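Below is one structure, written out as structure tokens; comments come after it.
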């Protein structure tokens, strides 16, 4: 044992360029603990420094490393090291800090733990093992504009389609429309039988705090569950779209600004729960209005397009939001983009005027509230509600939705909010751009569905659902 | 600085054998490089932790990798042959490379070790590393059962 310690200290002090661990080496502390455990001779291994052993383990990979725990007790301790397993977790395609966030904050399912487990208490090795056994889920993220679907084990949605799910006043009941919707998506994914759970995003509708709205929301959730269970899906997890976008940004509380197809919703979420009683704001400007406005502006310059699709492509590739609108007007902002089958199109002022209608709706002749006003109003309500001791939960604003990816949008919103709100409220405000581009909610669903505790804490089985709906206990 | 190419160093192994090497090859070992840069070079440089057999092998690797006329694939071919040694020698080389802080050699050796270990059963690992199994039968079963997915 003494030889081992001497060799370890020797190697650490000899290598000047070695890692930052040479100052406070947790390995050495653990070995001091091990001194009190009876360990018989470990032969050749005795002479190899721990950090080299760990280097070999990293090359070996998680499965082989886990096997080596059965060799002897000292190897068992070394292989169980949290840093090693964090390394293995980080080498999966989802970034390591997202995995860490998910496993510490979201383990328990709803309701979320308010004080998440501290990382050192968790064994990352066990988390790794549990995650390996998670079956993976099918993700369906349908909004009012586009629906993205795919598998949780893949790195991105495998398909996108325009939503054909009508939420308005139509004759047939919700559940049969949903069943139709889901079965078409599943046939596009070529799913014949369902062996995996399905995780579905619930679009935000009926956002008031009235009894009627609450009832409608519950009905929608139940309709989703019953449509899927009727299709013999083994387990279902349904989470609100805004909440999923929040998780994708690695937060459990904050204000989600979801710029959707028809409207923009401003959703305050505390500990994963949407605070309807604080008030969800909605502005009637969405992607559709933005594209429409761009089309009009181009028409004024005699550039006409039949299809909104082309205009949308131009929007996605040339538009941005100016930090200072007035100053931008006097700059030369021309840029061109080559649209297939139409050739090169050049835009100048239209590039930043389009996104500007979110901040100054009157440019488009609209009476709607400006984005910064709506967010500030929401923050005001959050502050008044005094829901928790920490009055900073609503100061993180997360953007979501395709149009939220317009360059410069987050910076401009932050600037506007700071200008609009009194200093007492505006200090600490951060506006975070969509972490995964247009697919925030999809990636949030992927994060949840790959959790080690997904099937246990997040999914509802058919049996459970029938039991609950009979007792009307669903929240 | 034309003389730096021809400058030679003398390395002395733990069993007092002396080896002459070019300074330009030897500085691949950061331990030696630091000594040279700090002008702490005594002649010969004593390497108390490396015996002559291993030091000769390290020098062979070092000189091959310092040759600018060789292509990367030729160096890789050399590496493949170089690591065909008994496992005990590889472990000794790892210790030497660690002591000398010779990154390239370390990487090659660790990769080789890992590749060999991949195919071993738990019992073979114990044998090759000369490790006493200090588990009782139940303890070993419990350790295996903690990670069933690793044994599939």
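Chains as they are written, first to last, in the working numbering: chain A, 10 to 484; chain B, 1385 to 1536. Quick reminder that beta carbons are idealized off the backbone N, C-alpha and C, glycines included. Keep in mind that this is a model prediction, so the values were computed, not measured.
Annotation for residue 300(A): the continuous alpha helix (DSSP H) segment containing it runs 296 to 309.
Counting only Cβ-Cβ distances below 8 Å, residue 1420(B) has no contacts in chain A at all, with the closest Cβ about 14 Å away. Closer than 7 Å at the C-beta level to chain B, one finds these residues of the stretch 67 to 90 of chain A: 68, 69, 72, 73, 75, 76, 77, 78, 79, 80, 81, 82 and 85. Among the CB atoms of chain A, one or more fall inside 8 Å of the CB of residue 1528(B). Looking at 356(A), 355(A), 300(A) and 285(A), the one whose alpha-carbon comes closest to that of residue 223(A) is 285(A). With respect to the C-alpha of residue 65(A), the residue from 1534(B), 1505(B) and 1493(B) having the closest C-alpha is 1493(B). Relative to residue 1471(B), the option among 1498(B), 1456(B), 1448(B) and 1409(B) whose CA is nearest is 1498(B).
If you keep only unbroken alpha helix (DSSP H) runs of at least 4 residues inside the stretch 162 to 239 of chain A, you get 183 to 197 and 220 to 239. Taking C-beta atoms as the reference points, residue 206(A) and residue 243(A) count as a pair closer than 8 Å. At a Cβ-Cβ threshold of 8 Å, residue 1474(B) and residue 1416(B) do not count as neighbours. The stretch 112 to 157 of chain A is shown to contain whole alpha helix (DSSP H) runs of 4 or more residues at 133 to 142, in chain order. Partner residues in the beta bridge of residue 353(A), as assigned by DSSP, are 347(A). In the DSSP assignment, residue 1456(B) falls outside any beta strand (DSSP E) and lies within the alpha helix (DSSP H) extending over 1456 to 1466. Around residue 141(A), the beta-carbon contacts reaching into chain B at under 7 Å are 1533.
By the C-beta density criterion, residue 220(A) is exposed, having fewer than 16 other C-beta atoms within 10 angstroms. Counting other Cβ atoms within 10 Å of its Cβ, residue 137(A) reaches 16 or more and is therefore classed as buried.
Within the stretch 1502 to 1524 of chain B, 1502, 1506, 1509, 1510, 1513, 1514, 1515, 1516, 1517, 1518, 1519 and 1524 place their CB atoms closer than 7 Å to a CB of chain A, listed in sequence order. Rounded to the nearest whole angstrom, the CA to CA distance from residue 457(A) to residue 82(A) is 35 Å. A straight line joining the alpha-carbon of residue 405(A) with that of residue 438(A) spans about 6 Å. With its beta carbon less than 8 Å from one in chain A, residue 1478(B) belongs to the interface. Here DSSP, grouped into helix, strand and coil, assigns residue 1486(B) to coil.
Between residue 151(A) and residue 267(A), the gap from beta carbon to beta carbon reaches 8 Å or more. A direct Cα-to-Cα measurement between residue 245(A) and residue 332(A) gives close to 43 Å.
Taking 8 Å as the upper bound on Cβ-Cβ separation, chain A lies near residues 1475, 1478, 1479, 1482, 1483, 1485, 1490, 1494, 1495, 1497 and 1498 of the stretch 1473 to 1498 of chain B.
For residue 265(A), the three-state secondary structure derived from DSSP is strand. Taking 8 Å as the CB threshold, residue 58(A) lines the interface with chain B. Here residue 1424(B) is exposed: its Cβ has fewer than 16 other Cβ atoms, across all protein chains shown, within 10 Å.
Listed along chain B, the residues sitting closer than 8 Å to residue 61(A) by beta-carbon distance are 1478, 1482, 1490 and 1494. For residue 101(A), no Cβ of chain B is located within less than 8 Å of the residue's own Cβ.
The beta carbon of residue 1467(B) sits closer than 6 Å to the beta carbons of 1496 from its chain, once the five residues preceding and following it are set aside; these are given in chain order.
Per DSSP, residue 277(A) is one residue of the beta strand (DSSP E) stretching across 273 to 279.
Judged by pairs of C-beta atoms under 8 Å, the stretch 252 to 261 of chain A does not touch the stretch 184 to 194 of chain A, as fewer than three such pairs exist. 8 Å or more divides the Cβ of residue 84(A) from the Cβ of residue 93(A). In this structure, residue 229(A) lies near residue 183(A), with their beta-carbon atoms less than 8 Å apart.
Contact annotation: residue 1419(B) and residue 1442(B) have beta-carbon atoms that are not nearer than 8 Å.
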